[in-house]
Each structure stands twice: as structure tokens, then as C-alpha cells.
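Chains as they are written, first to last, in the numbering used here: chain A, 161 to 732; chain B, 161 to 732; chain C, 337 to 622; chain D, 337 to 622. A virtual CB, placed ideally from N, CA and C, is assigned to each residue, including glycine. Please read the structure below before turning to the comments.
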Amino acid sequence: MNKKKNLFSKDVSIVLCGKAGQGIKTIELILVHVLKQSGYNVFSTKEYMSRVRGGSNSTIIRVSDKNVKSMKNKIDILIPLDNQAIDHVSDRLSEDTIILGDKELFKDTKYEIISIPFIKTAKEIGNKIYENIVACGAILALFNNNLEILNEYITNKFKTKSNDIIKDNIAAAKKGYELGKELYDNSIIRIDIASNPEIKNDYFLNGNDTIGFGALMGGCNFISSYPMSPGTGVLTFLSEHSKEMGIVVEQAEDEISAVNMSIGAWYAGARALVTTSGGGFALMGEGISLSGVLETPTVIHLAQRPGPGTGLPTRTEQGDLEVALYSGHGEFPRIILAPSSIENTIKLTAEAFNLADKYQSPVIILSDQYFLDTFYNTKNLNLDTEIQNHIIKTEKDYKRYEVSDSGISKRGIPGFGKGLVRVDSDEHDEEGRITEDMGVRVTMTDKRLKKLDLIKESIIDPIFTGSQDYDTLVIGWGSTYNVIKEALEEIDNKKISYLHFEQVYPISNKVKPYLKKAKNIIIIENNATAQFSKLLCISTGIEIKNTILKYNGIHFYQEELVLKINELAGDK
Amino acid sequence: MNKKKNLFSKDVSIVLCGKAGQGIKTIELILVHVLKQSGYNVFSTKEYMSRVRGGSNSTIIRVSDKNVKSMKNKIDILIPLDNQAIDHVSDRLSEDTIILGDKELFKDTKYEIISIPFIKTAKEIGNKIYENIVACGAILALFNNNLEILNEYITNKFKTKSNDIIKDNIAAAKKGYELGKELYDNSIIRIDIASNPEIKNDYFLNGNDTIGFGALMGGCNFISSYPMSPGTGVLTFLSEHSKEMGIVVEQAEDEISAVNMSIGAWYAGARALVTTSGGGFALMGEGISLSGVLETPTVIHLAQRPGPGTGLPTRTEQGDLEVALYSGHGEFPRIILAPSSIENTIKLTAEAFNLADKYQSPVIILSDQYFLDTFYNTKNLNLDTEIQNHIIKTEKDYKRYEVSDSGISKRGIPGFGKGLVRVDSDEHDEEGRITEDMGVRVTMTDKRLKKLDLIKESIIDPIFTGSQDYDTLVIGWGSTYNVIKEALEEIDNKKISYLHFEQVYPISNKVKPYLKKAKNIIIIENNATAQFSKLLCISTGIEIKNTILKYNGIHFYQEELVLKINELAGDK
Amino acid sequence: MNNKFTIQGQDIAWCPGCGNFSILETIKTALDELSLERENIVMVSGIGQAAKMPQYIDTNFFNGLHGRALPVATAIKATNPNLTVVAESGEGDMYGEGGNHFIHTIRRNVNLTNIVHNNMIYGLTKGQASPTTQVGMKTTLQIFGVTNEPFNPMAVAISLGASFVARAFSGDKEITKEIIKKAILHKGYSIVDIFQPCVSFNKINSFKWFKENTYYLDDNYDPTNQIEAFKKALETDKFPLGVLFINEDRKTSFEDNLVAYEDNKLPLFERGRDLESVKLLIEKMK
Amino acid sequence: MNNKFTIQGQDIAWCPGCGNFSILETIKTALDELSLERENIVMVSGIGQAAKMPQYIDTNFFNGLHGRALPVATAIKATNPNLTVVAESGEGDMYGEGGNHFIHTIRRNVNLTNIVHNNMIYGLTKGQASPTTQVGMKTTLQIFGVTNEPFNPMAVAISLGASFVARAFSGDKEITKEIIKKAILHKGYSIVDIFQPCVSFNKINSFKWFKENTYYLDDNYDPTNQIEAFKKALETDKFPLGVLFINEDRKTSFEDNLVAYEDNKLPLFERGRDLESVKLLIEKMK
Ligand SMILES: Cc1ncc(C[n+]2csc(CCOP(=O)(O)OP(=O)(O)O)c2C)c(N)n1
Ligand SMILES: Cc1ncc(C[n+]2csc(CCOP(=O)(O)OP(=O)(O)O)c2C)c(N)n1
Ligand code: SF4
Ligand code: SF4
Ligand SMILES: [Mg+2]
Ligand SMILES: [Mg+2]
């Protein structure tokens, strides 16, 4: 037996891997909850195949004495739940990785496995399905934690089920705990990371929740969408709160209907959201253009996954920035926001509704599978957002497109006031009636485009981290925020600073000096063609030549960023 | 009475204006044909409202002693066919404009009108509808031309109708001719432009025809489209030739069906075309992405009109470059061609099919209403194009996505050879089967993107005009070619040269030196946001600051370009 | 005929003699006779000749994209159930480009009125076949004649158990007006497919042709029987006019079923954001 | 059961117990019994669990976009009428996202076979309502229960006079195989809607439920009567299985009507470009 590291006192990455349908999601949910409630800093994310049963999916749970918000590639403890699991993550295993599994499943593996009889134990209690809970109990024991919170959780989770089920689950947890405790007590594995009771009061939610809550904070009361991974989660979230919060929820027959419904809803006074992924979004281009010409707001959540075509439905990528930026024919302004952290996204999403309403333009929220599926605990949720409602009560002589200095006309809605609200996707005059007058055409185009200048006045500043005195500037956008930040913390080079964009369009003029100052710019994107670097080129006139790109369907790991940033920052 | 210019010996612009349904199109067709057959250089284009009857439409016929290929704003002779016509074009009238009309219609106009009793004359012959032919006869007389060719044309046009109809039309032409001849003989209007019998042998066709013939030259044998102005013309063209040329023509239920049909057709061995306009194209984004991931070719003709939304359905704009460039989610190569002249477009369009086939990628032909509706005579049609057919007969072990050095895999089709042709919009392996293997994902993405390098090796060179020793470089793309060229000829400044793009994406590396050399770059685009300048910025790293933009729904006129180029080239 | 829905001195972009003029008059009269307020009506349309209708009626309107009137109308009604919503367009728009929305709006049973001007041709784009163009007809595009079977909107609507299904003829203003009034008053989705001559591009299905090839259902006709209605819908030697079908089983409309209105009947715009509840929910994430 | 359409040693991504396995077997057997060659069949699908089917059959396939199998299949057939074309997908794909293509493909009468796995749920995306989900069923998304009326594909197809309309049940492999064979042999558009239990997300419409809530049309049933077929299509207490309707009036298929094949029967890829004719046409422009 090699002398593996068996004591984890600062940081541990535990990976659970098994088939779809085996209930990894349940273990994940239970463990992260219980660990966090026990006062640990917990980070968790998952990767999964596009199938309902079978295949290989995995979840990582990282526990640390610091509030970590991203993950490393390397696995400290692997818990394989079926016999393909080890192969599935084999390139993330190191000499040091401890594999904790049920030997029954791994009769002739070359890997060394510390066996826990999950299955036998579960069966003894009465059913193989208790395997999950046995595993939960065992893992908790490695932390030398107690079972109280788990038992509470179980009782609560199964409260609608029979008493027997609760009893069996609690027994399973206990049995698992005992098995794990043995390993702990014999110093085979010990996770002695300090817990902190204050963490109990931290928030603990994933990206999907932040967008859902953000929508609620932004006054969203209408959602029409067509299911598409990974965009569906937000639809489900709002449906779950539809009754209490008074949200109209409709599953549309297709994405074209979804986006047109949302524009109709805004027109009539709702605050509507559409959620989708790349392929569905590609069908909404005409609708976005409609929102542009009508100056009727719309908010679209575009949850990215790798394309083109159907691509990799359950994986992650930042490959849809350009389609978000340019889809829809003709010329009109838009706003694109890219959620970057759990802390900021509730506010960011709520702002999307205010921005759409204020500028009467489409707003796109550009997230991705990685962001949506990632949890970590945090103390600070930025909830500081007000509803800015820009609807007016109309007078009799109301003109929907009255020309104003700012480009913005007051927005009325039908049935509120004495005025009539006329909107037309043809070029129109101030009253909203079709026109072919060339002068009016120019006036209206100018009016619409002028709003972009106004939008530019209040762009969300990019997040700058590091010293003002840098040689190298690292640039990121969207979901890569935490992993880049933590990689740079690890690199700890005062000459490298970091600029991260939560609003990716339009780009503020303030950005150019940051770029000009750098001797070396490195842009990091989870795509193959560095789409954001092109946008920065157009916006600032500066070409960025150093790119760190990844497009295998997986988000960045900390280690690879450390390596590549060092490489590029070094060789000047 | 002012002393107006009444003798035209080099160049004359005649504008016919009237209601939709009044038959201006007929007059235009007859006149341009007869004038060209009489040996005149003829240019003609039109502008019209989005309605079937009523409103105000106009056609310009420019006759010149040179082979002119663009138009001026100013009207030499206006022939108003209804009482709103003069108002409709009033800002194009000058002191010198001669208005030739039926006084009956203009009882209390402030304009001076030389009256010809079109209506009365027509009625005398038997029907108000002969008004058109009366007008044709009269105009021809101003050229001191004879009636032979007109009579021939009439006989031919109405050959399926009764003899009486032919007789009446010929009589109407004669009557009109006599009325016009009076004006000529009395030196009230004389058009004494030299004709040249060789011009009879020139080609005379409009942009729409060139794209239609180009498709035929490119071996197009399938078209599925949904009608949308100004894209419908190409569909109608191919339908008209469907029987003789063996073309499958189907009007799809919507644009999504159209683009998916076309991809299915290519898959099965056809050479398919889709024609549409911006709004329809916006619906095809997902299909374009499908073409990208399947590496199944597709050719889309995107006939631009002003957006966003429904916009101005019958007007012109170059506002859809960006949507052409970026629509479709995910990352994959594409090619965009922008027809610029009658001479080159048959070949350009035919090449679109070869390029799509060779690179197994979407190819977009980006025209616009102005280009499609514009005629001029020309001696040189570039017809030098070969069919490059890239389909192979498959062997039993055929793999559709076999990895190759170039990125291109041999393309088989079902039913041709012993192999099976499997294509999947999910990420796939060499056999075309769905995969979630990250390594294969990267290989396949690289393979697809690599084709762009290959495409870049044979980009159609931009057309350079002028001296190599320039200070100012004017840049244009697509339909503006002739008007910019003729404006520059008028400016005649050796320090200004001209670079015009017929292939707008990808941009060749050869272009950068042209831009670097210039002290001053002026880009001219028929849109509001200078979309091509942004693409040049990304492609070359050079920002272009001088723009001449027009977005009122109308193409550029020669005079305004002369003015603005002089302005921008001057104040350096 | 002028009433409060009339806009004075407007240039109407239809061809002289077009059946749309009668429909315009019919609808204005119907709205007026129903004593509806201008501010409380929204006319939603797509793109086409028929879709220009809202331009000529003095109410709120949403003139959206070709084929997309129904999703917009659905959302408007769901956002503010107090509004009277009419979705009006041509048959190319509603059954061609918008065909998918047509079938799914029927399934939803949104309480709106869907008026389709069926001229059996694409008018605005100058004469291509529409989904209802008859086989054999030659058009500007189908120069060898149409070969696809025409779409039967009545049969499809009935087969999906649509709430109210009627067919009318633009030429008969009085009867058509009464049908439209019934449709608007009907709770749930109602469709009125109106035969409308296009004098410019459809020389076959003219005013005269429609007169000769239609008849009115007689007073004894019972529109509540789905099978009988279906039989009527299949008749094409002479097309029956009138209310073909009323589905008495469809008692609840789309808006009725929305949980958002279960405890609160206010239209969405009249509700504030319930910040406290949201914050409470977020606090639960601790 | 192995035949020439079987792919050995493949990992099939469906859940154990899923009705799709039986359909897979049924189709492979049907193709084999029809003595079709692998190279001459194209399976076209969209996206979904059902849409994975072509991956598991050793023929040509085109696994395209969600909802878009029918336009692709139409074009393949029109480009090469010698191929046997099957368009197969789930009911969400065919009647939801692809609903517009469904109705217009029926109108065209393309000579292809449309197989729809109707599990009354969105399988791949984990359990949202599909167009055929029954009212009241609670799903991962419709947590308060479905309220929209289910789409009736049989009734709609019959109302549009579809050429061949059948319904089957995945559990009955032998009968289903025979229906599929008839559908493929039928000239013109044929649809086979197959009830298929989804064991993961549809706990209501289970194997047992389908068994109990269906019956086979008896041998005396005459499928050529549109009205009778319609009546059958409306039955929902127990759903009839078998060939519901054959439209004897539809004699020509889409490809038959294409002028491109009037003088030349070759599939498009076998024809060269007729350069001379094109040049002649261009010369006429002088
Ligand atoms: C997405 C899109 N495709 C195509 C068009 C072009 N278009 C406008 S109206 C129309 C058809 C009109 O026919 P119909 O709906 O029957 O109305 P009608 O003009 O006959 O009243 C078409 C194809 C468009 N505006 N948008
Ligand atoms: C344009 C688009 N929208 C949505 C999706 C996501 N999606 C994939 S399959 C599917 C539904 C599957 O349901 P169904 O067609 O009934 O097939 P099943 O999985 O039940 O066999 C959806 C919504 C997609 N791939 N593309
Ligand atoms: S084209 Fe036809 S439908 Fe359109 S306005 Fe003219 S007559 Fe009416
Ligand atoms: S989710 Fe349902 S349809 Fe999909 S494979 Fe599993 S059982 Fe079959
Ligand atoms: Mg019509
Ligand atoms: Mg399904």
C-alpha cells in the first residue's frame, strides 16, 4: 500500500460518480446541506450526460477552511457508485486519490479501493435504494461530524412519506456513519477541517436559484418558455413559486411562441422572462428584432451549452456570446449581462428587468450550465435592488413613440389610462402607425439607436482585482469569475491584475485605459474562438492576442489556469 | 417660363411615378427593352411602397452615351401618372426638371407642366388602360427614335391575346409617338443621345436575374423557400425554369421548414438554395447552426431590406451583415458573398454552390432590394464557372466525419455506394454517432474550425480601383459598387482609391496592407451602424473612423457620395 | 358608416374592391354594437394585407410579426384578462407561418377571438399560393398549378375540440357582424374564418365564386355536435357558412386555469412586487 | 432478435423498461421483413429520447434538430424518390416544436412514414408536459397539473385527409410491426402514432394503463370512411388501435407532382448540370 495522504485539514475534494438514476443528486443535495449546516465551507458542482438512466455522472463536493468558490481538477476522495465510475474520472485521479467504494462492484480493478459495503448494508436495512443514505452517513463520519443534522434533514425530506421510510433512512444513515467512523477512528481517512458555526447562517444556493430569485426580485410575473437544458431550471423555479408569487407560467409550443408571448406580456404590463439555451435562442432572433423595433422590453435568459446544433446538451461553454450580440435582423440596441458569482446575480438579474423596462430594449442574461449547477456558501448576497417601474398612465392624446431628446418615449400599456397604445413592427410614426416616410424612418432609427448612448452612461463596471500597477491584465467574463480569481490568488503575482465583466455589452469607455495600460493582456474564455476578445476589439480598438480557451464541454479548473496564466504572463 | 434645359445630348434621367397598379412596371419594362434594343445605354431601378394598389412608386430610366451603372438623385424629366406623383419626388426636382404629364391630373399645381393628353388619347383608342402605351410612344419620340422595335415588342407581348388588343396597343403607341414627336420637333424636349447598334448585343438583366442564372450555373436543382420581399424574386425565377431545368421547387410553410428542407436536400445529393429576407433569415439561425455541425452544405440568399422587425418591406438597406455573420448558436465556419455588379454575380452565385459543397459549410449570399431591382446593359458577364462536385461514392466502411488534415471529410450521400451516411446534430464521432467524449469533442470542433483556414486560402479578392499611390482609401461592399465607382470617377482624384468587397467573410489577410497604407479610410455603408467596419476591425485590427452611412430605406445617389467623399477626403 | 372606431381621413392601403373593406366595416360595427370601450380592446395582428386591419380601427393595437399574432394575443389576455383581445390576420399568416400557434392556442382555449381573412392567396407578397389555395390554381409562383391539398381550418379546429368555430363571408356584412359578435361574446377561444375576395391576385375565388360556392347553415343546425360539425367542415362542393361548432364541454378558459389569478384577480400591472415574500424565500436558503 | 439492422455491442441510452426498446425491435424486424436494403433507407429524426432511435438501427440517418424531422425527410424524398424515408421522433418533437411541419407535410402527401413515439411526456428533458399529456397530470414543470387540452394527432391527421393514419402500442410488437409495414408500403404520407410508456417520468400512462385503456379496431372496421375514422379518433375512454384511416382519394404523392421529375426520373444527384441550356437562357437576355 502506498502512503497516501489520509489526513485533510484544510481542503478536500470529494467526488461521487455513478449512473444517471442512481441518486447521486440526492447524495449531493443531502451532503452539501448537512455539511454547510454543520459549519463547513462547501463548494459543489456536477457534470452529467444527456440521458435519464445509465452513463456516468459525477458531482464534486469541495470542503475547505476557506470560502472556496471554484474547483480543482484533482480528486482527493472518489466514491464510485458503479463499476464504470472510476474510468469515467480516471484522468482526474492521482497517486494520492483515495477511492472509497463497495468492493462488490470492483472485482478486478487495478485500483486500490477502501471498501465500504454500501450495498450489503442497504439491503440489510431492507432495500438497495438506501445505499445513498448509507454513503451520506459514511462520508459525514469522515468529518467526525455527528448525525443530528442529517437525521433532521431526513425527517424533513420524507415527512410526507410513511414513518417506516423515515425510520429506515435514519437507520441507514446510522449504519453508514458507523462504517465511516471506523475509517476515521483507524486514521484511514480523516477530514479534520475546522468548522465554523457562523457558516450555518451563510446563504447556500446555486446559479439557477440566483437567477430565479433575481427574477422575483426584479418583479418578474410572467414566464413563457420551451424546455431546453440547461435553461429549464429557471422555468421550473418560477413555476414552483407561481402560486404564492402570482406568476403566469406557460410552457410554449416552441421558442418562437415563447418569445412572442413575452413581448405581448410586456406590452400589456407584465414583467416577462424567457429562458432557453442556444438552439432555442437561435429561433428567437426575429422576436428579439421585434422587441427592438417595437421598443417593447424583453428579458431572455440564455443558458449556454456547447453547440453548434444540438451539441452537448448537458455540458458547458461560453460559445453563444456572438449569437446573443447579433441575432435579430436590422439595427437596434440591446444589453447583455453575464452572471459571474452567486453573490451578484440576484441583483444582476433583477436589474435586467429594470434595464429592459427603462430602455425599452431586449436584455439578455448569458449564463451557462456550469454557473447554473454550481453551489457555494456565502455571507453576502447583493439584494440591493429597487423596482423601477417605467409604465405611465396614458392621456387621451398619448403617442407611444413620441420623439424625445433621450430617445426614450414614455411607455403606456393598454387599459391603463385614456390613451391608445399602438405598436407596429413596420417602421412607424410617433403614433405607432405604419409609415414609409423616409424622414420618419431616419428619426425613428436615430431614436432607437440613441438609446445605446444612454445605456452606456450606466454600464455596470467590470470588477477589477489586483494592484493598479500591473504588467499583465487577465480578462474574463461570466461564469469564469471565481475560478480565475482563485487561480490568480494562487499565483499571487502583484504584476498580474484581473478585469472581469458582468455586463458584456455594451462595453464602457472606461475599459480602454485598463487595456492600454497593460503590457500584456490575457483573455480567458470557455469557447474556441475568443468571442469576447472580438467584442473588446470592436469596442476599444485593441486587439488581444493571448487567449486561454477551453471547449471540451467542461469549465475551467484552477490548476490549468494557474499553469497557463503563468506561461503566458511569463513569456513576454 | 423659365429657360429650362431642353436638350439632352449625353445623359438623361427620366422618372415615371404613379400609383401601384397603374402599370409603371409595364412602361418600365417596355421602355428599357426598346431603348436598349435601339442601341442606347440604359440604367433603370425603382422604388415602391409595400402595397398592391395606390400609394406612390417610381422608376428611373437613365439613358447615357456612356455605359452608366448607377443613378443620380436629380430628375431631368418627370412623368407623373397621378396627382400625388410630383409631391412624392419633389425633393429630387430642380429648376431644370421638365414635367411631362396629363394636365387633366394637375388642375392646380404650382409646377409647370408640359401637357400630353395621355388619358384622353387612351380613351379615344378605346380604354384608359392604353395610357401606358401612349406614354411609351411619347417618350420614345423624344429620342427621335422610330416605332419599329416597340411595335415588335407589343406584338410579341400580346401574342396570346386577341388581334384587336394588339391593334389597339399599336395604335396607342403611334398616337403617343405623334404627341411626343411634336415636342421633339418643336424643340421643347429633345433627347439626342448617340445610340450605338452594338449595344443591341449587350446583356440586359437585373440583379434578381443574375442570382437566378447564377444558381442555375451553380447546378442548383432544389429550392425551398417562404415568400418574403425582396427575396421572392429568385424563388419565382427558379420556379419559372423548374420544368425545363429539372428543379424541385417547394414553397415551405415557414422559413424554418425552408432551411431544414434545403439541408435535407443537400444531404441527399441536391444543390439547394433558400431565398429570404432579414426576418425570415432570423428564423433560420438554428438551421444554419445545423448546417455547421452536420457539415452539410447550405446556400442562403439573404435579400436585405430595412429592419428591425418588418421594417420597410420594399426598401433597401445593408443592415443584415451582422446577423448573416453571427446567426446560429455555437462556433463553426461560414462564407458570406455580397453581389456587387451585374457582371460578376452569375459567377459569384454559382461559386456559392461550389464553396458550400467544397467546404461543407453554410454560404450566405447577401444582396438587397436595390441590387435585385436594378438593370443596366453590359457586354461582359462573367460566366466562367465550373461545377465542382464534391460528392463521393461511398465504400462499405465509409465514415462521414473521418478526420483529415484539412478538416474536410469526404461527403457521401445515401443510396450512392455501399456505405451508410450518418449525420447527427449532437456532437458526434467519425461515424456520425452521438458522443460525449471530451477528446472527440475537441477533435471535431478543431476539424470544423480548421476549414476556415482553408477557406481563407481562396478568398475572392476585393476589387481595387485607382492608383496604388493613394492617401484616401474608400471601402465599400455589396450593392454599392457601381455608385461608389462612378462617384469616384466623377471626383477624379488620383489620391483616392477604392477597395470593394464581393466576399465579405472571411476577410483575407491581403487586405490589411491596403488599409495600413491609407492615411485616411472612408467606409461607405447603406446602414446606420457601419457593420462592415466592425468586421474589418476584427479581421485586421484597424479601426475605421470615417463613415458615410445612409439608412432612410434608399440606396446611395451619385451626387451625395461625391459631396461626402470630397468632404471627408478633404478635411484631413 | 362611421362610429367611434373610425379614423377620419385615413389612406387605406388596400386595393379598391378588396373584400377587406367590408370586413373593416363589419368589425367596427360589431365592436360598437357590443358597447366596448376603445381603451379596453387590443387588436393583435401579424403581417399581410389582412394584418393591416388594426391600423384602421381606433383601438389599441399590436401589429407584430408575420405568423405570430396568437402567442402575443395569448400573453396579452393572460397579463390582463380584462382586455378584449382580437387576433386578426390572413390565412397565410395564421395557418402557414403561424400554423403551430393556431393548433396550440386552440388547446389552451384562450379567451380571445381569432379572425382570419381567408382569400386563398398571399396578397401582400403578390400572389403566391396560401395554405388554403385550391388545387390546380396557377399563381405567380405555382405557375404549373397548386398541388398540395388545401388546409381545412374548420376541420382542424373542430378535431381539436375548439371552443367556437365559425365561417363567414366578407360580402355578407350583416350576418358576418353577428357571427363576430357571438365570437367575441363567447367565452374561450373562438375562430371566425372569413372568406374574402382578393381582387388583385385571386381571380378564381372571386366575390361571385364565394357567393355561388357557399351556403348558410340553417336555423335547425345544432352546432354542439362535434361529428355533425366535422361533416359540415368537410363539405367543399359548397362551403357552409355560420357557426359550425360550439364545444359545450370546454368550460374553463386559459386565464381561468392560471394559478396566478387564483387568489388575486388583478391584472399583473396592478400588482406591486412583493419584496417581503421574496426576501423571506431567499432567507430560507440559509 | 438480431438482423442486418442490428448494431452489435451498442450502449443504448434509454432507461431499462422503456417502451422504446420494443419499438426498436419492431422497426428492425419490419424493415427486415420488407427486404429493404440498408443503404436505401434513411431514418430522419429530431431530438428527444425517441429521436435517438436512428442511432440504433444500421441504416443511413439524419439526426437533425428538435421538431424538424419532417421538412428534412420531405426534402430527402424529393431529392431522391428511390429512398425509403422514415421520420421518427417523440410527440413533443412532432406535435409541439414541429407542429407546423406536421400539418403541412400531411397536405403535401410526401411518400414517407412518420413514426411518433407518444409517451405523453417530454422524456429527454426530464418530465415536462407534452402536447398529448392528459389534463390534470402533475409533472416536474406543471406542478399544479396540466390544464391544456391534449393534442389529438389522429383527429387532426384525419381532418386533413391524411393518406394513412394509424395508432399502435409499443407493447404489442407483432401487431405494431404489421402496422408499420403497411405504413411503409403505403404510397403517400403515413403516420403511426405509437403509445409508449415512459417509465421514468410518466407514472400514469404506464404499460398497464395503455393495455387497459386501448383496444384494437376489429376486422370489420372500414378505414376508408373519413367520418367513421374521425369518430374513432375522438374516442378517449378507450383509445382504438390499428389503421384508423386510409384516404383512397389521395392518389398522387408529393414527388409525383414535382415537375422536376416529369421528363426525367433520375434522382437529382445523378443529373449533370445542363450548362448549354443555362447559357442559352442567358443569351436570351441580350
Ligand atoms: C417571417 C416572415 N416571412 C415572410 C414574410 C412576408 N410576408 C408578409 S405577408 C405574407 C403573406 C400574406 O398572406 P396572408 O397571410 O394570406 O395575408 P393577405 O395578404 O393575403 O391578407 C408574407 C409571406 C414576413 N413578413 N415575415
Ligand atoms: C429548439 C430546441 N428546443 C428544445 C430542445 C430541448 N428538447 C430536447 S428533446 C425535447 C422534448 C422531448 O420530448 P419528446 O419529443 O416527446 O421525446 P421523448 O424524449 O419523450 O421521447 C426538448 C424540449 C431542443 N433540443 N431544441
Ligand atoms: S392584394 Fe388582394 S387582399 Fe390585398 S388589398 Fe389587394 S385585393 Fe385585398
Ligand atoms: S425517460 Fe422515459 S422515454 Fe426516456 S428512455 Fe427513460 S423511460 Fe424511455
Ligand atoms: Mg391571404
Ligand atoms: Mg415524448
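query, result
"CB-CB under 6 Å to isoleucine 635 of chain B, same chain, minus the five flanking residues each way: which ones, in chain order?", "Leu659 and Ile683"
"Given a threshold of 16 other Cβ atoms within 10 Å of its Cβ, counted over all protein chains shown, does serine 500 of chain B qualify as buried or as exposed?", "buried"
"So, at 6 Å on beta carbons, what are the nonlocal neighbours of leucine 433 of chain B in its own chain, with the 5 sequence-adjacent residues on each side left out?", "Ala375, Cys380, Ile383 and Val459"
"What number of angstroms, rounded off, separates the C-alpha of aspartate 330 of chain C from the C-alpha of lysine 388 of chain C?", "There is simply no residue 330 of chain C to check, as chain C begins at 337 and stops at 622 in what is shown."
"So glycine 488 of chain B and glutamate 455 of chain B are supposed to be a Cβ contact under 8 Å. How far apart are they, rounded?", "Going by Cβ atoms, the distance from glycine 488 of chain B to glutamate 455 of chain B rounds to 14 Å, so no, they are not a contact pair."
"State buried or exposed for leucine 616 of chain C, treating a residue as buried only when at least 16 other CB atoms are found within 10 Å of its CB.", "exposed"
"Figure out for me which residue from B:Ile568, B:Phe535 and B:Leu709 has the closest Cα to the Cα of arginine 608 of chain B.", "B:Ile568"
"Helix, strand or coil, according to DSSP, for methionine 473 of chain C in the structure here?", "coil"
"Three or more C-beta pairs closer than 8 Å, one from the stretch 708 to 716 of chain B and one from the stretch 671 to 691 of chain B: is that the case here?", "yes"
"Nearest-angstrom Cα distance between phenylalanine 168 of chain A and alanine 301 of chain A?", "14 Å"
"Buried or exposed: asparagine 600 of chain D, going by 16 or more other Cβ atoms within 10 Å of its Cβ?", "exposed"
"For a cutoff of 7 Å on Cβ pairs, would you count aspartate 731 of chain B as touching chain D?", "With a pLDDT of only 48 at aspartate 731 of chain B, under the threshold of 50, the placement of this residue in the model should not be trusted, and no figure is reported."
"Let me check you understand the geometry: is the CB of glutamine 385 of chain D closer than 6 Å to at least one non-hydrogen atom of ligand 4?", "yes"
"Would serine 355 of chain B and tyrosine 200 of chain B qualify as a contact pair, given that the criterion is a beta-carbon distance under 7 Å?", "yes"
"Under 6 Å Cβ to Cβ from phenylalanine 590 of chain D, same chain only, skipping five residues before and after it: list those, please.", "Arg444, Asn445 and Val446"
"Taking three-plus beta-carbon pairs below 8 Å as touching, is the stretch 178 to 192 of chain A in contact with the stretch 233 to 252 of chain A?", "yes"
"Chain A partners of glycine 524 of chain C, CB-CB under 8 Å?", "Simply none; closest approach about 16 Å."
"Taking a Cβ distance cut-off of 8 Å, strictly less, list which residues of the stretch 494 to 514 of chain C are near chain A, in chain order.", "none"
"By a C-beta neighbour count over all protein chains shown, 10 Å radius and 16 as the cutoff for buried, is leucine 472 of chain A buried or exposed?", "buried"
"Taking proline 407 of chain D as part of the alpha helix (DSSP H), name the residues at either end of that continuous run.", "405 to 415"
"With the cut-off set at 7 Å, would you say valine 528 of chain C and isoleucine 451 of chain C are in Cβ contact?", "yes"
"At what residues does the beta strand (DSSP E) containing methionine 379 of chain C begin and finish?", "377 to 381"
"Check whether the Cβ of methionine 209 of chain B lies closer than 7 Å to any Cβ atom in chain A.", "yes"
"Does the Cβ-Cβ distance between threonine 281 of chain B and lysine 229 of chain B come in under 7 Å?", "no"
"What does DSSP give as the partner residue(s) for glutamate 685 of chain A in the beta ladder?", "A:Leu709"
"How is the beta strand (DSSP E) around glutamine 464 of chain A delimited, first residue to last?", "458 to 464"
"Name, going along the chain, the residues of the stretch 460 to 478 of chain D whose beta-carbon falls closer than 8 Å to a beta-carbon of chain A.", "Leu460, Thr461, Lys462, Gln464, Ala465, Pro467, Thr476, Leu477 and Gln478"
"Going along the chain, which residues of its own chain have a beta-carbon closer than 6 Å to the beta-carbon of histidine 522 of chain C, five neighbours each way excluded?", "Phe500"
"Using a Cβ-Cβ cut-off of less than 7 Å, list which residues of the stretch 389 to 416 of chain C approach chain D; keep chain order.", "none"
"Hey, quick one: how far does the alpha helix (DSSP H) through leucine 343 of chain A stretch, first residue to last?", "323 to 345"
"Rounded to the nearest angstrom, how far is the Cβ of isoleucine 412 of chain C from that of leucine 419 of chain C, given a contact under 8 Å?", "6 Å"
"If we count the other Cβ atoms within 10 Å of its Cβ and call it buried at 16 or more, is isoleucine 363 of chain D buried or exposed?", "buried"
"Is there a Cβ from chain C that is less than 7 Å from the Cβ of proline 466 of chain B?", "no"
"Taking only three categories from DSSP, how would you classify glutamate 207 of chain B?", "strand"
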